[in-house]
Structures are given as C-alpha cells and as structure tokens.
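**Q** Protein chains in written order, with our numbering: chain A, 2 to 479; chain S, 441 to 882. We treat Cβ as the ideally placed atom computed from N, Cα and C, and that holds for glycine. Remember, it's a predicted structure, so these values are computed and weren't measured experimentally. Below is the structure I would like to discuss, written out as structure tokens.
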Amino acid sequence: MNPAVVEQLRKIAGRDAVLDRPEDLMLYEYDAGIRKSAPGAVVFPRTTEQVSQIMRLASAAQVPVVARGAGTGLSGGSISKEGGIVVAFSRMKRILEIDVENQRAVVQPGVVNLQLSEHVSHLGLYFAPDPSSQKACTIGGNVAENSGGPHTLMYGVTVNHVTGLEVVMPSGEVVNFGGKAAESYGYDLTGFFVGSEGTIGITTAITVKLLRKPEKVATLLGIFETVDEAAQTVSAITAAGITPAALEMLDGWTLRTIEAYCHAGYPLDAGAVLLIELDGLRESVEEQAEAVQAVCLQQKAREVRRAKTEEERALLWKGRKTAFGALGRVSPSYYTQDGVVPRSKIPATLAHIGEVSKKYDLIIGNIFHAGDGNLHPLILFDIRFPDQLERALAASKDILEYCIAVGGSITGEHGVGMEKRDLMPVLFTEEDLDVMASLRSAFNSENLLNPDKLLPTPRMCREISGAARNPVLVQEGM
Amino acid sequence: MSTATTTRFGAELRAICDAGYVIEDPALLRQHQVLGVVPLTVVTPGSADETAAVMRVANEHGLNVVPAGGFTAQNMGRKPVQVDVLLSTSRLRDVEHYDAADLTIGVGAGWTVANLAAKVAADNLYFPGDPALPERATVGGLLATGFCGPHRHGYGGLRDYCIGVRFVTGGGRKAKGGGRVVKNVAGYDMMKLLIGSYGTLGFITSASFKLFPAPRQTRTFIAEFSGAAEAVQFRNHVLRSPLDPICLELVSPDARQLLHGFGSDGPWLVLLRAAGSDTVLARYRAELGPAVARELDGIEEQEAWRALSNFSHTVEKRCPQSLLLSLQLPLREVGPILQQLATVAGPLRLKHAVVGRFGVGHLLAALWQPTGSTVPAKAFTDALSGLRHRLPIDASLAVLDCPSEGRADIAWVATPTHVESMRVVKKVLDPNDILNHGRFLF
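Quick look at the structure:
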C-alpha cells in the first residue's frame, strides 16, 4: 500500500492503530470460509469520527475499504480486495446504552454477540440472533450479513432485531436510519442496510431489540433410524401447529463426529437426530413438548429424550454449536454451504445431497436449521489436493442449484459475499441484479466499499453458465 | 394536458394491455377519483411485463402514475395535480406458490387481504395482516402503505413476515427481492424498501409471505382504567410478565364512542388477546388479576377486533373532517404522547381518539371537531405542527388523512431516517418521479 496512505491512517487513528507489515496482515487475509486476499493495511478506529475520516481518505486515495468484526463469516464478506483497507472494529466494542424501558440496546459494531446477552442477562433480557459463532462474532458483522442462528425459526434473523443505525457513508458523511421505535415512517433504510454486506456504508452504532427471556425452555432430542424419517418429522411438527423456538437436525455421520469430540450425549448408532427447543409460557411449553414428543413417535422416532437440567440442555447445544470445531479433527478443510429450501422439500434435498456426495466422492455431513429449511451441508476435502477443492466447489454448486430449482435460495444466513456471487444470476434475472447494482452505485458510486461482493460483476454474469471453476479462485491461482 | 396527447398515449397503452383494460370513458373514469382528481386513464395490466411496458410509456411521456388497489388508503397525501394513469392491481390475482406444509404463500398484488386470509385459513394457517376493510384492501396496497393493525403486537409487522416481492420500478424495470423461503439473505432486501413506500418507488405485482399456524382458541381480556397513565402501567406489567399475547391494544374513551360495540362512554380500555389451551388461558387470568373486567370470545371477540382493525376507516366515515395520524414511538414515549395529544387538541376545541398496539409503540390518533361546532381548518394544521414540535426523538409520524382545506400545506411524514438517503433511493427506482408525484415525502 502507498506509504502516504498508511501514514494518513496513522494520523487519523493513532500510531498504534494501523498494521501494514506483511506478517501482521496475514492474520486479516481470511475469514471462516475458504477464500484469502491480503489487505494493504488494517486500521482500528475508536470513534465514528475516525471511521468517517478513514472513508474520506479511502475515497481520496481510491483505495477499497471493508469493515471487519471478528472474521467469523463464511462467505468472504469481511475479506479485503487485494491491497485494500480493512477497518477492524475490535476497538469499537462498547455497549453504549441499555434502555430497559424501551427494550433496546445501542452498541458499537465490535460488541460480541453473546456479550450483549450476557451483559443484560441480570435484567431478564437477551439479544435473540444466535449464530453458532456467537461467542466470537460481532453485532456489526451480524448486521452486515443479516446473520441468523438456530433460534431464528421463531425469532427471526438480525434484521428483525435492528431498529436503528448510525452509518458512515462512502463520502464520510454520518447519517442515521430509524431509531428506538419498532418501525419508522419513510423508506425503511434500516431494513435495507441490514444484510447489504458492507456495500452501502459502514455502521458505527446499532440499536437492537432486547427480548425478555422466556419463562420456560424445553429441549428435546428426537432420535431416528434414518435421515428421511427425521426430515419427514420436521414438516409433521409444523403441520401440528407448533412453532418451536429452534428445530435442528444432525445426520448420523455428523453426530458421531461431534460425539467423539465433545461427548454431548448423542446416540452413536442413530441415523439422524432432531434437536428441538420450545420456549415461552410454562403451561404452553409443557403442552407443546408433549405434542412434539407424540409427533416424533408417530413419525417412527426410536426415542425422544428431554433435557432434565440446564446442564443437560447446555450439553445438547454445545454439541450443535461446536460441530465445526469437531470437524476440524477429521478433515483438514471443509466447505460449509448455506442453501435454503421450502420445508416440504427437505427430505428430497437431503437425498440429493447424498447422491452428490457419491458423485463427487466426498464426505458431506449435514447439520442444519431444519425448521426453516436452511441447510448446512459440510463438504469435507483436503485443500492440499487441488482436485479435491475443485470437486468440493463443484459439489457445492450442484447442491445450491438444486436448492434454487426446488424454490429455495443460495443463502439463508451467511450472506453471498465472494463465494456465491457467481450463483446470483441463477437466482435473479439480469434486470433484478441491475436494479440492485444501481442502488449500490447510487450509495457507493466509486465502488470502493467492499467491491466484488454480493453482486456478480458483468463479466461473471456472462460467464456463469459455462464456468466450472470459481473465477475468484482462478484469479488467486488456487 | 390536451385531448390529443391523451389519445396518443392511450393508443400506446391499448397496444400493451387489451383495450378492455384501458379505460378512457369519462363516466367510468369518474368512478376512480383520487382525492377528487379524475384520472385520464385507468390501466389494469395483466402481468408484470405489461406493467413494465406501461411504465415505460409513462416515462416516455412524463405521465403521472398513481398505483391503486382497493382504494382504502388513497386519502393519504397531497392532492395530485394530475393523474394521467391510474394503474390498478386488480387483475394480478395469480397464486405464485402455495404449499401449506411450507407455511408460505406467494400471491398477486391484486388479491384482497380477506381472500388471502380465507385461503390459508382453510389449511389451519393464519395470515396476520389485518388492515381496515380487508374485503377491499389488497396485498399490494397493504405492502405499499405498510399498514399494521392490532395483530402487529404478536406477529410482527410486514417487514417481519413478507419474504419476497416482485415489482416494476418507476423507471420501468422488472425487479424482485427475497424469494419463497422463510430465511433468505441473497441480495439486497428490496421488501424493506417497498413496504411503506406508498407507491413512490415501484408498482408491486406480487409478494410472498410467511404464514403462521392458526391459533386453535383465543380469548380477549378487557381491562378498564381511569386514565392513560394507568393503562400504560398495565402495559408495562404485561410486557414484564412471561405472557405472550397476540394483541395488546389501547382504546381511549373517545375512541370507544367512535367504534361499534365498545359502549358509548366509559374509561380507557386495554384489550389483550391470548391464544392457547384452557390451561394457558387460565394462566393469563391469574397473571392479569383483578384488572380484567370482562372477557370476550367467539363472534363477539371477532367483531371487537374487526372494529379495531377498521378504526381508520370508521374515523374517515364518521368524522369526514378529521386529522388521522399514525405514530411509531419508542415504548417509553407512548404515555407522554398521549398527554401531548390532549394538550394540543384541548385549546383548539378538537376531540381526539386513540387506539393502538401500544406494546410495540404504534398508535393511531384521530382529531376532529365535535358535532355542532365549527373549527377553522387552521386548527388541524396547528394541531399537527404542535404535535410535530413535541415529537420525541426517534419517533415518527405519518398523516393518514386530513381535512381537505389543510391538505396542500401538510408535511405528511416525519421520520428520524436521513431524508437525503431516501431521496437517493427514490432517484434510482423512480428517476423521472412519475410515481405518486409530490404526494408524500418528495
């Protein structure tokens, strides 16, 4: 990077707030997905004013900018364009306000998701979006990607919990969208901004809803002989008029891998399990727990267990939430997909994933948010063997195209980022994408804010149908 | 505009839609007035493609286009200078997708809310949109106005359960956001831009929604309070409790007079609607305690909620010269705003009535002149500006209707959101400003 720009960054944020040595930058060239790209500098602002000055500098110097929280994203959303500026929010991590009466918190983007819930726990409140990475991921990142989590089945994704934003626009101007009211008149720019993947502006203060903790929580584990029986049960539960707070599915291979790692108490010989959580009013939870149990047994569940203590419940969830760590023990690399299908298509989609696994000769585990049809096929491969990477990418594309074909989407909560933008033209028409691109250009006219994310470049639009390899990886020589 | 010009674009419109769907007969046009303005044409496209073609013609000729559904919310906004094309959704009545097992549905924008609700009710599912006049209000209009009724409390707003939208931009481009699945973050969230945009950005052609299991049993608990402060206190008690009602509605004494079935006189009411088994309802009874004066179920219950959903329509019908406001407030500001309304209305000799889902900070307020008295039109504009000056930080306000004399001078929307950023969106989606030109924000 131009040393003069680095010097300017130091003037803005302080001498200890900028990294530009290659060995330091290496830590910022990746996220939790599989892409890499080295930034030119990383800057750690402490104030909104500094973010604004950084934006002005980037614009004047024509250097791309990307915001970064904890780097736990799975779609490359927080990876810089080669040589760009990473604005890392690890020094803007204050909870600015807890407003109990209005059921809101105002936080800086670097606040860790789980920390907010822990901070307000003594008030009987919590922040509902709960990505698996919630111990590390930041609320700024959640806003950028519109993150979900297991409990989004009942409570919705991040956008359903954000009511106001302070945003630094590419010009450096600081603007406000919405506030503490649940909704605001005029165009809902708060809702539009959430999930815009850092392409419209950078948020520096976020107003979120705090929910009252439920009076009662029941966590059940439905154990099935086959994946198909478990998948059929998902629809049967909703058909019975029950909306669980969370409804997760783990297939046999995945649960055995997790069990070996964290001893969550999952049965080693099952074909699949459903992890079902109900919450709310005590009486209502008890009735629903009984009903869910009955549905599972009707659908040939071998057994339905219910967590008797908070420790047992925590253990069941620990298994679910540490799944990705467990996989690290059995495979050098894995590729997590995020496709969504209509709930009734889950059994057929899982069968298709089984065929894809055979076709590309790769192990694919399934651990996912079954209740809302959000699949997370985990494709195992070894990145040291280029043919395996290629097969993993092809398998992934195959699965996502299937999701689209049955009426679904390519991402439920991870975002499009770099990795799925070349599939956007399968999901949207050129005109749809053109409208989105014109909105991006209107706010981000020089395309310096997180370029090459979310929307395909025109070149990719044309090449997608014949592209067997991912253009990004080709560029990177992978 | 001369007759010749009208004919010219009329012919182009007829080339797009079948001639039967382009109305130019003056007698028929008079039935489609927007705030007293007779449109030059009424066009009813049969598809998104036709809509896009109409919109392109409108752009070429610089025509003012007013999107229309069931005509239940056209009283909002400034009187249009001219309506060249009234663009109706009434032929957009396809079912794009529906599988009860998926708990989602996608329908054309011309579906009425009542028909949509009835269709899914047959499968024991529930569509929570509850606007005034659901038999006439359309899906497109519901989204464009962003209107929410009492069930907003328990089911969230349209921004929470609309999962996909197809529309034609003011510039004539076909576009979509979201899709058919309940969880989807691919691409920009266009639904959010369209919801509550009052037809100023695009013409909605279809939309998809998340559905909910229909409650098997509901009950409404009614509590009475001598003042607004006590009602707000009761709300806070409910919000802090483990209870999870589907509606929590405030009704002011004067609102009771306007609405049918609420008694012509009496104190403030709070209506709480709960869903669940007998055991669950018993728990509500125990938690709510002696505050509850009576309970409603069955037809009586349904009618009470229908009356509350219809509040805005009732006001327009019974008090034609009234100011009707919708307020979105942080929860803490509900009490103070109720006081401000009284402070503003009293000296101007206006009566005022309030209903609203005050557990989520949404109120509807009507100000009108009492029977037998004559209040100058300025009283309404004074009341509005008085209220706007007292509007708390983070609150927003939309005027849904006002007496005709004040219509030209009213600022229809007050919002904490950066207005220039909204203008950027408007410029992109409706570059020639042909959609509802000059009626709302811009």
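When DSSP labels each residue in this structure, what does S/E740 get in the three-state scheme?
**A** Of the three classes helix, strand and coil, the one that applies to S/E740 here is helix, per DSSP.
**Q** Taking all protein chains shown into account, do 16 or more other C-beta atoms lie within 10 angstroms of the C-beta of S/Q657, making it buried, or fewer, making it exposed?
**A** So S/Q657 counts as exposed.
**Q** Would you grab the beta carbon distance between S/H802 and A/F178 for me? Rounded to a whole angstrom, and I think it's under 8 Å.
**A** That pair is no contact at about 19 Å.
**Q** Just mark S/G546 as buried or exposed, buried being the case when its beta carbon has 16 or more other beta carbons within 10 Å.
**A** Looking at its Cβ environment, which holds 16 or more other Cβ atoms inside 10 Å, S/G546 is buried.
**Q** Is the Cβ-Cβ distance between A/R330 and A/Y262 less than 8 Å?
**A** Contact flag set, yes.
**Q** Please state the DSSP three-state secondary structure of A/G467.
**A** A caution first: A/G467 carries a pLDDT of 29, below 50, which makes its placement in the model too unreliable to give a value.
**Q** Determine whether the Cβ of A/L298 lies closer than 8 Å to any Cβ atom of chain S.
**A** Output row for A/L298: interface = no.
**Q** Could you tell me which residues DSSP puts in a beta bridge with S/D539?
**A** Partner(s): S/T544.
**Q** So, is the C-beta of S/G596 closer than 8 Å to a C-beta in chain A?
**A** Yes, because at least one Cβ of chain A sits closer than 8 Å to the Cβ of S/G596.
**Q** Would you list, in chain order, the members of the region 340 to 363 of chain A that have their beta-carbon closer than 9 Å to a beta-carbon of chain S?
**A** Here the close residues are V341, V342, P343, R344, S345, K346.
**Q** Could you check if A/T480 is buried or exposed, using at least 16 other CB atoms within 10 Å of its CB as the buried criterion?
**A** Residue 480 of chain A lies beyond the stretch modelled for chain A, which goes from 2 to 479, so this question has no answer here.
**Q** How many angstroms separate the CA atom of A/A145 from the CA atom of A/E420?
**A** If I take the Cα positions, the gap works out to 16 Å.
**Q** Comparing the C-beta of A/I13 with each C-beta of chain S, is any distance below 8 Å?
**A** Chain S contact via Cβ: absent.
**Q** With C-beta atoms as the reference, is A/T153 less than 8 Å away from A/N114?
**A** Contact flag unset, no.
**Q** To which residues of the same chain is A/V436 closer than 6 Å at the C-beta, ignoring the five residues directly before and after it?
**A** For A/V436, where only same-chain residues beyond five positions count, there are no Cβ hits under 6 Å.
**Q** By the 10 Å Cβ neighbour count, where 16 or more other Cβ atoms means buried, how is A/F429 classified, buried or exposed?
**A** By the 10 Å Cβ count, A/F429 comes out buried.
**Q** By alpha-carbon positions, which one of S/V483, S/A715, S/C457, S/F649 ends up nearest to S/L468?
**A** Considering only alpha carbons, the answer is S/V483.
**Q** Quick check: A/L456 and A/A438, are their CB atoms within less than 8 Å of each other?
**A** Yes.
**Q** Per DSSP, what kind of secondary structure is S/D600 in: helix, strand or coil?
**A** DSSP places S/D600 in helix when its eight states are reduced to three.
**Q** In whole angstroms, what separates the C-alpha of S/R454 from that of S/G586?
**A** Roughly 32 Å between the two C-alpha positions.
**Q** Do we get a CB-CB distance below 8 Å when we pair A/A411 with the residues of chain S?
**A** Note that residue 411 of chain A corresponds to Ile in the displayed sequence, not to Ala. Yes, A/I411 counts as interfacial toward chain S.
**Q** Output yes if chain S places a C-beta closer than 8 Å to the C-beta of A/E8; else output no.
**A** It does not; no Cβ of chain S falls within 8 Å.
**Q** Under a three-way DSSP split, which group does S/L709 fall into?
**A** Strand.
**Q** With C-beta atoms as the reference, is S/V815 less than 8 Å away from S/L804?
**A** Cβ atoms of S/V815 and S/L804: not closer than 8 Å.
**Q** Could you check whether the Cβ of A/T239 sits closer than 8 Å to any Cβ belonging to chain S?
**A** With 8 Å as the cut-off, A/T239 counts as an interface residue toward chain S.
**Q** Give the interface partners of S/R847 over in chain A, defined as CB-CB distance under 8 Å, in chain order.
**A** Within chain A, no residue comes near S/R847; the closest Cβ sits about 18 Å away, beyond 8 Å.
**Q** Please tell me whether S/K616 has its Cβ less than 8 Å away from any Cβ of chain A.
**A** With 8 Å as the cut-off, S/K616 counts as an interface residue toward chain A.
**Q** Quick one: using the 10 Å Cβ neighbour count with 16 as the cut-off for buried, is A/D252 buried or exposed?
**A** With 16 or more other Cβ atoms within 10 Å, it is buried.
**Q** Of all the alpha helix (DSSP H) runs that stay within the bounds of the region 39 to 67 of chain A, which reach a length of 4 or more residues?
**A** Correct list: 49 to 62.
**Q** Apart from the five residues on each side of it in sequence, which residues of its chain come closer than 6 Å, Cβ to Cβ, to A/Y31?
**A** Contacts found: K37.
**Q** Please confirm whether A/T244 has its beta-carbon closer than 8 Å to some beta-carbon of chain S.
**A** Closer than 8 Å to some Cβ of chain S, the Cβ of A/T244 qualifies, so yes.
**Q** Which bits of chain A does S/L683 rub up against, with CB to CB less than 7 Å?
**A** Those are L282, listed as they occur along chain A.
**Q** So, A/G74 versus A/G416, is the Cβ gap smaller than 8 Å?
**A** For A/G74 and A/G416, yes; Cβs fall inside 8 Å.
**Q** Could you name the residues of chain A that S/Y628 contacts, counting a contact when the two beta carbons are closer than 7 Å?
**A** Here the neighbours are F193, S197, M437, L440.
**Q** Measure the beta-carbon distance from S/D870 to S/T640 and round it to whole angstroms, keeping in mind my assumption that it falls under 8 Å.
**A** At roughly 7 Å, the Cβ-Cβ gap stays under 8 Å, so S/D870 and S/T640 are in contact.
**Q** Using a C-beta cutoff of 8 Å, does S/M516 count as contacting chain A?
**A** No, because no Cβ of chain A sits closer than 8 Å to the Cβ of S/M516.
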